[in-house]
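Here the structure is laid out as structure tokens; the discussion comes afterwards.
Protein chains: 4
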Amino acid sequence: MSAILEAAACLLEETGFHSATTNAIARRAGVSIGSLYQYFTSREDIFRALLAEHQAAAHACVHRVLEPVLAGKRGPAKALPELLQKLVEMHRERPRLMRAMTTELAHLIGDDGRKQEAQEMEELVTQVAARLPGPPGVALAKSWMVAELTSQVSRTLVHEPPEYVDPAEIQAVFTRLVNFLLK
Amino acid sequence: MSAILEAAACLLEETGFHSATTNAIARRAGVSIGSLYQYFTSREDIFRALLAEHQAAAHACVHRVLEPVLAGKRGPAKALPELLQKLVEMHRERPRLMRAMTTELAHLIGDDGRKQEAQEMEELVTQVAARLPGPPGVALAKSWMVAELTSQVSRTLVHEPPEYVDPAEIQAVFTRLVNFLLK
Amino acid sequence: MSAILEAAACLLEETGFHSATTNAIARRAGVSIGSLYQYFTSREDIFRALLAEHQAAAHACVHRVLEPVLAGKRGPAKALPELLQKLVEMHRERPRLMRAMTTELAHLIGDDGRKQEAQEMEELVTQVAARLPGPPGVALAKSWMVAELTSQVSRTLVHEPPEYVDPAEIQAVFTRLVNFLLK
Amino acid sequence: MSAILEAAACLLEETGFHSATTNAIARRAGVSIGSLYQYFTSREDIFRALLAEHQAAAHACVHRVLEPVLAGKRGPAKALPELLQKLVEMHRERPRLMRAMTTELAHLIGDDGRKQEAQEMEELVTQVAARLPGPPGVALAKSWMVAELTSQVSRTLVHEPPEYVDPAEIQAVFTRLVNFLLK
DNA sequence: TATGAATGAGCATTCATTCAT
DNA sequence: TATGAATGAATGCTCATTCAT
Chain Z
0 MSAILEAAAC
10 LLEETGFHSA
20 TTNAIARRAG
30 VSIGSLYQYF
40 TSREDIFRAL
50 LAEHQAAAHA
60 CVHRVLEPVL
70 AGKRGPAKAL
80 PELLQKLVEM
90 HRERPRLMRA
100 MTTELAHLIG
110 DDGRKQEAQE
120 MEELVTQVAA
130 RLPGPPGVAL
140 AKSWMVAELT
150 SQVSRTLVHE
160 PPEYVDPAEI
170 QAVFTRLVNF
180 LLK
Chain W
0 MSAILEAAAC
10 LLEETGFHSA
20 TTNAIARRAG
30 VSIGSLYQYF
40 TSREDIFRAL
50 LAEHQAAAHA
60 CVHRVLEPVL
70 AGKRGPAKAL
80 PELLQKLVEM
90 HRERPRLMRA
100 MTTELAHLIG
110 DDGRKQEAQE
120 MEELVTQVAA
130 RLPGPPGVAL
140 AKSWMVAELT
150 SQVSRTLVHE
160 PPEYVDPAEI
170 QAVFTRLVNF
180 LLK
Chain X
0 MSAILEAAAC
10 LLEETGFHSA
20 TTNAIARRAG
30 VSIGSLYQYF
40 TSREDIFRAL
50 LAEHQAAAHA
60 CVHRVLEPVL
70 AGKRGPAKAL
80 PELLQKLVEM
90 HRERPRLMRA
100 MTTELAHLIG
110 DDGRKQEAQE
120 MEELVTQVAA
130 RLPGPPGVAL
140 AKSWMVAELT
150 SQVSRTLVHE
160 PPEYVDPAEI
170 QAVFTRLVNF
180 LLK
Chain G
0 MSAILEAAAC
10 LLEETGFHSA
20 TTNAIARRAG
30 VSIGSLYQYF
40 TSREDIFRAL
50 LAEHQAAAHA
60 CVHRVLEPVL
70 AGKRGPAKAL
80 PELLQKLVEM
90 HRERPRLMRA
100 MTTELAHLIG
110 DDGRKQEAQE
120 MEELVTQVAA
130 RLPGPPGVAL
140 AKSWMVAELT
150 SQVSRTLVHE
160 PPEYVDPAEI
170 QAVFTRLVNF
180 LLK
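Protein chains in written order, with numbering that gives the first Met the number 0: chain Z, 0 to 182; chain W, 0 to 182; chain X, 0 to 182; chain G, 0 to 182.
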């Protein structure tokens, strides 16, 4: 099963979603298509599983960094630059695969998937907001904005790095921004 | 030709990329497939044209708002909240189509397309940065960050609006952020 | 009209029957497809005309050499080596075109075309046989055999020249053969 | 696989290359198009296989008759009339199919195929020539000429039989010719 | 007479999926 | 449980031909 997912991931990286046919995946995984269909109900199912795997990894990454914050043991303004760093590292592990997931597999995320992801984000955003001073509505907006910023910047930094901007300066500006919003 | 593009757009909105077959597009556009292939060299070509049309519209929108800024007649910190507003409006015009473009059509944007888009953004970011006080490297990073934030927030606000956050507060926070960075 | 035929011939030479589409022929000939269909009723019609043109040329070639023979002014055994030579020269003028005609256009020669060609050959074979000594049945068979041999050898000599055989020897053997049969 | 080839052969015989579509072949063979493409990579591939099958049969026929000649157990002048006879019989088995192969399928024989066929012929011609008296160059030319004559006459005798010539006389003339050249 | 945009029947081919072994 | 040959619906695309201008 994980062999199948890995095969799908490799083909995705190497030649794209289009040419990652079920037969190709099975061959690459060293199993028969019959077996492939014993573990996955359809081609989409395979890629959705891949997506879920990635999402889980991302969540683990986020939670690992944010746990001390949620536990009140660390200020969010301190943690977020580190989170950005960790997310960048995560994307950099298999950049082509990561990119393929957000471009070629984006259409597989149904409304359910989107809703679930939104809910998980809501939880985090809300909890961080709760630790912020000021009116709750404002804190929520700030927390949400930081979340958006972090995910967007981490992705862009890996997949469309702006060559004309110094990454260190981006980090610095990000840190100042986070301090401005979350203090 | 525009009838074909419109047909493709409608099908994309209604039933997705997958079912927007060339025959379906032609039928919807009221032309024969033969004619369709007189104007477009392939199915992909149609959708790439659609993408280009959208990109052009987005650029027009951005330039309209930013022109006074680039001309030195208006401060960027003032203009950006308005830009956010305009972008949101643009996305809201045909939200399903807009969404489909970034999910189902994302894989059609080749490296060339990405490069071109990056270049156009670089130009804008650089010009705005030039009007900012402080060291150029920092100004560049700030300008870039605002650009990322604006595009991300405008998209999310339309396609995954966080129900638990007050949009007005988001706008307010965005404005404060922009003031913080671009002043 | 001849411009169209020439265009068809060129495309046949250069890229084969398959890619010699009516539109390509018209473009190459510098006329519109509409005009093309004013002169020819169908694509096949064009190529059949080309074939007929070639056939006419071949017949002219044969008759030019054989006329003195039919007029009793020359012995067939003398004339045939010359005919072989002339046919080879004809094939060599545009070898690729000639070859394409016998491979790619062969299927366009319907039963009618075949019948007509056979008739024209019959006439010639019969007339030559009439000038031959011996029983008529035998003379006919000899004459026919020489005709077959000449057409086959002239074609092969140009299109599949056997590198391991000396062309001069082939000519010599051909001459001896003709002398053996037609004297 | 052979069912597919047989189906292709039948359709070729009955309605020609043009109407022998892949779907028609599959239907006639009693398999799905999917299966057809499991055994052959393309439509052309099917017909090329058919051609190869025929070529193999022809070679078997030739070798069967010529083997004693090559082994020195029989004179070539004796064997060739028999070879002509066998080739005629071969063509007569499925004349329409045979004819279709040389007209409708001729364009599928690429330069490689032609080269290979030429080589196989060279081998035979050379070996027969080696058994002939006289200078090698002349023997080669004689041997080649007989080969050309045999293939041409056998084909024509079946597909364009000259009604005005007595087949028996043709055979007789052929025999005398062969005796003249190969003795 | 010339034009060329429009037509659409028709074809080769793909690939997710099934099911008998 | 594993296999992989067989399936066939579905699709992108071509190109000879027409006809209004």
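Cβ atoms here follow ideal geometry from the backbone N, Cα and C, with glycine treated the same way.
Since this is a predicted model, take the numbers as computed values, not measurements.
Contact with chain X is absent for aspartate 110 (chain G), since none of that chain's Cβ atoms lies less than 8 Å from the residue's Cβ.
Judged by beta-carbon spacing, glutamate 12 (chain W) lies beyond the 8 Å limit of threonine 155 (chain Z), meaning their Cβ atoms are not closer than that value. In this model, alanine 78 (chain X) and cysteine 9 (chain G) are separated by some 45 Å (Cα to Cα). Under the DSSP assignment, glutamate 103 (chain W) falls outside any alpha helix (DSSP H); it carries neither an H nor an E label.
Alanine 28 (chain X) is positioned such that its CB atom lies closer than 8 Å to that of alanine 2 (chain X).
If you compare the alpha carbons of G:Arg93, G:Glu43, G:Ala19 and G:Gln126 with that of histidine 62 (chain G), the shortest gap goes to G:Gln126.
Under the 10 Å beta carbon count, serine 41 (chain G) is surrounded by fewer than 16 other beta carbons and is classified as exposed. For phenylalanine 46 (chain X), the enclosing alpha helix (DSSP H) has its first and last residue at 42-69. Within 8 Å of the CB of isoleucine 169 (chain G), the CB atoms of chain X belong to Ala140, Trp143 and Met144, in sequence order along the chain. Remark: fewer than three beta-carbon pairs, one from each stretch, lie closer than 8 Å, so the segment 89-98 of chain W and the segment 108-122 of chain W are not flagged as touching. Taking C-beta atoms as the reference points, alanine 19 (chain Z) and threonine 102 (chain W) fail to come closer than 8 Å.
For proline 161 (chain G), the nearest CB of chain X lies under 8 Å from its own CB, placing it at the interface with that chain. Chain-order list of chain G residues neighbouring threonine 102 (chain X): Ala105, His106 and Ile108, by C-beta distance under 8 Å. At least one CB atom of chain G sits nearer than 8 Å to the CB of leucine 148 (chain X). For alanine 57 (chain G), the closest Cβ of chain X is not nearer than 8 Å. For the segment 110-159 of chain W, the continuous alpha helix (DSSP H) assignments of 4+ residues that do not extend past its boundaries occur at 110-129 and 135-158, in sequence order. Taking a contact to require three or more Cβ pairs closer than 8 Å, the segment 157-166 of chain G and the segment 165-180 of chain X do not qualify as touching. Taking all protein chains shown into account, proline 160 (chain X) has fewer than 16 neighbouring C-beta atoms within 10 Å of its C-beta and is therefore exposed. Distance between isoleucine 32 (chain X) and alanine 129 (chain W), taken at the CA atoms: about 58 Å.
Under the 8 Å criterion on CB atoms, leucine 82 (chain X) is classed as non-interfacial with respect to chain G.
Flagged as an interface residue toward chain X: glycine 136 (chain G), by a C-beta distance shorter than 8 Å. In the same chain as alanine 76 (chain X), and ignoring 5 residues on each side of it, the C-beta atoms closer than 7 Å to its own belong to Val177, Asn178, Leu181 and Lys182, in chain order.
With 16 or more neighbouring CB atoms inside 10 Å of its own CB, lysine 141 (chain G) falls in the buried class. Around the CB of alanine 70 (chain Z), fewer than 16 other CB atoms lie within 10 Å, so the residue is classed as exposed. One alpha carbon belongs to leucine 123 (chain W), the other to glutamate 5 (chain W), and they sit about 30 Å apart. No Cβ of chain Z is located within less than 8 Å of the beta carbon of glutamate 43 (chain W).
DSSP places glutamate 162 (chain Z) in the coil class of the three-state scheme, outside both helix and strand. According to the DSSP assignment, threonine 14 (chain Z) belongs to the alpha helix (DSSP H) that extends over 1-18.
Rounded to the nearest whole angstrom, the CA to CA distance from leucine 139 (chain G) to valine 152 (chain G) is 20 Å.
Interface criterion not met: the Cβ of valine 127 (chain G) is under 8 Å from no Cβ in chain X. Going by DSSP, lysine 85 (chain G) is part of the alpha helix (DSSP H) stretching over 75-92. Short of 8 Å from the beta carbon of alanine 57 (chain W), and not among the five residues preceding or following it, lie these beta carbons of its own chain, in chain order: Leu86 and Met89. By the neighbour-count criterion, in which 16 or more other beta carbons inside 10 Å mark a residue as buried, alanine 7 (chain X) falls on the buried side. Closer than 8 Å to the CB of leucine 176 (chain X) there is at least one CB belonging to chain G. Flagged as an interface residue toward chain W: alanine 117 (chain Z), by a C-beta distance shorter than 8 Å.
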